[in-house]
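Novice: Please see the structure below; I have some questions.
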Amino acid sequence: MAHDIREYLIERFRGDAETLRQRATAIAGATKPAPGPDATLSRAMADACDEVAALAEGLPVRASMEEIIPALQALLPQLSTRAMSPQAQQAPALKAVYMGASTRVQELIAAELRASGASDGSNTDPAFANDADFDEDDE
């Protein structure tokens, strides 16, 4: 799946951006207010989706799992910074775009690790993580 992650993220967030722009256009032309974000916020959310897609474009093309995991991990602080920006703090729906992207990236990292049989280390006792001599029968 590693080689598909870049394309998946780009398509996902470009698609979301397009949907949000269509919503903004529909709301702007509507005679009565629609539930949810208004046209201006929908456009801002679309722009945020475009930013996430642009970040994904920076991921390596046809990367191995060993290449894609660190690249995905490098996206997380960038998404967090955007989620904590003054604009995102004032608009929860905008913050949700970046937080949702962060969650999706974390899920992709976990899926890659599971698919490869690797562990993220979260279930390993650090006292024995590098102990080649540890034998469960010795307990």
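If you read the sequence shown in my numbering, its first letter stands for residue 13, the second for the next number, and so on.
Don't be surprised by glycine CBs; every beta carbon is placed ideally from N, CA and C.
Treat the numbers as computed from the prediction; the structure is a model and nothing was measured.
Around the C-beta of residue 96, are 16 or more other C-beta atoms found within 10 angstroms, so that it is buried, or is it exposed?
Specialist: As a working note, residue 96 is residue 84 in the sequence shown. It is exposed - the Cβ of residue 96 has fewer than 16 other Cβ atoms within 10 Å.
Novice: Taking residue 128 as the reference, which of 81, 113, 93 has the closest Cα?
Specialist: Reading the sequence shown from its first residue, position 116 is the one you call residue 128. Checked all of 81, 113, 93; the closest Cα to residue 128 is 81.
Novice: Taking the Cβ atom as the reference point for each residue, do residue 121 and residue 65 lie within a distance shorter than 8 Å?
Specialist: The residue you call residue 121 lines up with position 109 of the sequence shown. The residue you call residue 65 lines up with position 53 of the sequence shown. Not closer than 8 Å, so no.
Novice: Which residues in the same chain have their Cβ closer than 8 Å to the Cβ of residue 103, if we skip the five residues on either side of it in sequence?
Specialist: Here the question's residue 103 lines up with position 91 in the sequence shown. Counting only Cβ-Cβ distances below 8 Å, and skipping sequence neighbours, we find 53, 56.
Novice: Would DSSP call residue 107 helix, strand or coil?
Specialist: The residue labelled residue 107 in the question sits at position 95 within the sequence shown. DSSP places residue 107 in helix when its eight states are reduced to three.
Novice: Does any residue of chain C bring its CB to less than 8 Å from the CB of residue 97?
Specialist: Among the chains in the structure shown there is no chain C, since it carries only a single protein chain.
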